[in-house]
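Residue numbers (this note's numbering), protein chains in the order written: chain A, 6 to 729; chain B, 26 to 180.
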Amino acid sequence: MSAVEDTGRREFLRSSAGVGGGLLLALTLPTAMRWGAADAATVSQNNPVNAFVKVGSDGTVTLIMHKSEMGQGVYTGLVQLLAEELDCDLSRVRVETAPVAPEYNNPNFPLQFTGGSMSISSSWTGLRLAGGTARAMLVQAAAQRWKVDPASCRTERSFVYGPAGRKAGYGELAAAAGKLKAPDHKSIRLKPQSEFKIIGKPIKRIETAEKINGSGKFGLDVRVPGMLRAVIARPPALGATPKHIDDAAARAVRGVITVVTVSAGVAVVARNTYAARKGRDALVIEWQPTAEPLLDTERLRADYKKLSLTPAPLVPRNDGDAPRVLKSDGKHLEAFYELPYLAHAAMEPLNCVADCRADRCDVWTGTQMQSPDQAAAASISGLPADKVFIHTMLLGGGFGRRGNPGSDFVREAVEVSKKIGKPVQVVWTREDDMHGGWYRPQWANRLRASLGKDGKPVAWHHTVVGQSIMAGTLMQGMVKNGIDPTSVEGAAELPYGIPNIRVDLHTTTAPVRVQWWRSVGHSHTAFAVESFVDECAAQAGKDPLEYRRSLLGEKHPRHRAVLELLAEKSGWGQPLPAGTARGMALHESFGSVVGEVAEVSLHEGLPRVHRVVAVIHCGFAVNPQLIAAQLESAVNYGLSAALYGQITYADGKPQQANFDTYAVMRMNEAPRVEAHIVPSQDAPTGVGEPGTPPIAPAVANAIFTLTQRRARRLPMIRGGQLMA
Amino acid sequence: MQKLNINGEIHSVDVDPDMPLLWVLRDVLDMTGTKFGCGMALCGACTVHLDGEATRSCVLPIVGVAGRKITTIEGVGNTRLGKAVQAAWGAVDVPQCGYCQSGQIMAATSLLAKNKSPTDADIDSAMSGNICRCGIYNRIRAAIHQAVIPEGAAT
């Protein structure tokens, strides 16, 4: 595969015969979207990434999958892109997870990872070109065999049809096609959308069967011959280190093999997970606390509040002179919004299998970040990266946590394996997972506005306070002039027409490690912005939907289209049962615009969300069924956080440990979610994350309509009560 | 040595009597369809049937299951009812990440064994112990309603 690198970036596609008795195609994928929104065609030439397609002699089409399946449906969506242009039988397509290689990197970051809601958008042109190129080669092979003009042949469902009733399957043509020189991708004509048979259709997920019969293999299901299990006694408080370890009782537990100290803590290695856990319970460790002040959530909140009142040094947006207008006479509003640290709490607790030997290191795990994990394993094992093999398993939820910038769950497994000289599976208990840090940051947002005579804001000042996610990580390059754009994303791009806008930022430091959490910065900015717009509308005495429509003016056609469909589908303005109210929010993230209306009532003083209408503009809908599923998922994920989610600290210790203290949405609370897609012929934009940001403000705004009280701090339910 | 009746087969295991059934299944018998989620019977990922009844295997010491019939996700499809539930799951295309699905299907099958046409409230009460972080509760509900239960099908 490294040969692809050597041929230079100009050659789009190479083929070589003999792999799997068929055709091996190495192809490039252009990517555009989030990180460097450029014209896709330009990006495809300047910034290619390689993937691989195989057509076997048995007719099986294999897509070498460079993206991780964590529930978002990426296996299915990417197969659709390929299969459409390859004209192959969908039932003959299989997926094989990619090894780590530069060919699979994201074109805009030199990393192999899945995130940023861009798997489809970054593959949109490239995978279709790959399919079209493979198809052209199969046609060429058939035409040569039949001695006919390729133009006289057509393809359908894995067959090439020629003149006079000739017909050949892709499998029987694969070997000959593999010997051909790949055509220039510029000669490949992609189908117009009107000819799509697979793209745009609600194709069912390709991996459903294994997920309903128990055979699907997640990281935790990996079994390697001779594999031991380990759990790690981790510091109970931030920064604590083991001062004295008495492991005699742990070693006496039946099934415990050994106890080793690693950088993450003290690992108890056993024949099975239960014994390892029992052994950990039997460890007697004296922990040395850090000399630093111990983190306390209330103190951090107070610090952030104070900071939000002082001039912020970083200014990502400054139109006009908002502070001056806000000092002059007029109708002024000010509000302060707070959001807590959040754990990702995927259903599958973190885990990793490592087999670190003298000459190679194998890692099996559900990861969103293969190439950083490979580098981490290489550094621990002392082996060159090309001797480290990352085997990507199904991910039992990711939400960002399985793309760890420090490769924490991989690093420690390699460390344990290296120390014991055997393959080992390190299992995180739910409590380990909840306490493990790398949370969504705690945030504070102060907003101020001045309303003109027509009730519209003439000045808007938004101050953000919180830790940078990207600073000091692999994504450090995103931080420009001290500004981490993800801290203010969704705030700095405020779409509303306001003449004076200032968005500024205090970047803080705290001992808690922070990380991207489904929708990253948008998870806090949307709450602040869309709550505050609602406050402005209420102050102006305007309908919230009408108010937003007027602020968008003639600009932002996608926002307006979402708003119109949302008004229609939600029945905005129509009567509701007594005691029920609607709230709405509108937010752009990951290239897509989502509007949501939540219908909320109070039961015994607690909010109950009955129905959520979600409308998305995400460009061309590659799979409407998967998009609807992602909106449903994103709404419930955001609702868990809006209503219940928080990690708080006292004396440097996180106060939540399992699903009893870190409550999440359950069946009896889940709203009916109705998803709608604005029809569009634009290139696809993000889907996995954009449904999450609007739900918290939509619910908070409904609660205001119900109670005339604002929920300005999340989660809304604390101590068993609605705090609004 | 303890004898366990799992999916109609007898397995002998030599483990501590306090080891939860979950870890016997996963780590001793390598039957990995039953999932570990919380270890405290809070999330339902580890749900199996014990004599047909949905039970959390993560807090169930195997000493308590001697002589009982254990059914796991690997075996539930051998019953007409389990097969019908899995078919409905496929028809609705329920799973996302899929990690909670074994537990969801086991809980739903147990519900439908007792109640052929559960109301939404019945579903809420039977299924609220099973967390899905992908939040696909609407689809789980739809699949349960859609499961066509063959005549005379018990567990």
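All C-beta atoms in this analysis are idealised placements derived from N, C-alpha and C, irrespective of residue type, glycine included.
query	result
Cutoff 9 Å: Met-672(A) Cβ touching any chain B Cβ	yes
Min CB distance Gly-403(A) to chain B below 9 Å	yes
Nearest-angstrom Cα separation, counted from Thr-104(B) out to Ala-664(A)	Before going further, note that residue 664(A) is Phe rather than Ala in the sequence given. So the two alpha carbons sit approximately 32 Å from each other.
Chain B within 9 Å of Phe-118(A), Cβ atoms only	no
Chain-ordered residues of the region 26 to 53 of chain B with a beta carbon less than 7 Å from chain A	Asp-41, Met-44, Pro-45, Trp-48, Asp-52 and Val-53
Chain A contact for Lys-139(B) (CB, 9 Å cutoff)	no
Contact with chain E by Tyr-346(A), beta-carbon distance below 9 Å	Of the protein chains in this structure, namely A and B, none is chain E.
Length of the line joining the Cα atoms of Gly-711(A) and Ala-703(A)	The question names Gly, but residue 711(A) in the sequence shown is Leu. One C-alpha to the other measures close to 12 Å.
Interface partners of Val-2(A) on chain B, CB under 8 Å	Lying before the first or after the last residue shown, residue 2(A) is absent from chain A, which here runs from 6 to 729.
Contact residues within the region 383 to 402 of chain A, judged by C-beta distance below 9 Å to chain B	Leu-399, Leu-400, Gly-401 and Gly-402
Proximal residues to Asp-251(A) (C-beta, below 8 Å), its chain only, five neighbours per side dropped	Leu-288, Val-289 and Ile-290
Members of the region 332 to 365 of chain A near chain B, C-beta cut-off 8 Å	Ala-350, Ala-351, Met-352, Glu-353 and Pro-354
As assigned by DSSP and simplified to three states, the class of Glu-176(B)	coil
Gly-121(A) in three-state terms, based on DSSP	coil
Cβ-Cβ distance between Val-58(A) and Tyr-175(A) below 9 Å	no
Simplified DSSP assignment, three categories, for Ala-707(A)	helix
Amino acids of chain B, ordered along the chain, whose beta-carbon sits closer than 9 Å to that of Tyr-80(A)	The premise fails here: Tyr-80(A) is roughly 11 Å from chain B at the closest Cβ pair, so nothing lies under 9 Å.
C-alpha distance - Asn-30(B) paired with Ala-476(A), whole-angstrom precision	54 Å
Where Ala-245(A) sits in the DSSP three-state scheme	coil
Thr-102(A) vs Ile-125(A) beta-carbon contact at 9 Å	no
Cross-strand partners of Gly-588(A) (DSSP beta bridge)	Ala-603(A)
For Lys-94(B), the three-state DSSP class (helix, strand or coil)	strand
Helix, strand or coil at Ala-8(A) [DSSP, three-state]	Bear in mind that a pLDDT of 28 at Ala-8(A), under 50, signals an unreliable position, so the number given afterwards is only what the model happens to contain. Correct three-state label for Ala-8(A): helix.
Beta-ladder partner(s) of Gln-472(A), from DSSP	Thr-513(A)
Residue span of the alpha helix (DSSP H) that contains Ala-533(A), given as start and end	527 to 545
Separation of Ser-37(B) from Ile-98(B), as counted between CA atoms	20 Å
Within-9 Å CB hit, Gly-89(B) to chain A	no
Stretch pair the region 350 to 358 of chain A + the region 407 to 419 of chain A: three plus CB contacts closer than 8 Å	yes
Supposed contact pair Arg-554(A) and Arg-565(A) - C-beta distance, whole angstroms, cut 8 Å	7 Å
Chain B contact for Tyr-642(A) (CB, 9 Å cutoff)	yes
For Pro-328(A), the first and last residue of its enclosing alpha helix (DSSP H)	327 to 332
Where Ile-165(B) falls, given that 16 or more other Cβ within 10 Å makes a residue buried	buried
C-beta neighbour in chain B for Ile-217(A), strict 9 Å	yes
Of the residues His-396(A), Arg-613(A), Phe-537(A) and Val-617(A), the one placed nearest Gly-600(A), counting alpha carbons only	Val-617(A)
Every unbroken alpha helix (DSSP H) within the region 326 to 411 of chain A, with a cutoff of 4 residues, ordered by chain	327 to 332 and 375 to 386
Opening and closing residue of the beta strand (DSSP E) in which Glu-78(B) lies	78 to 81
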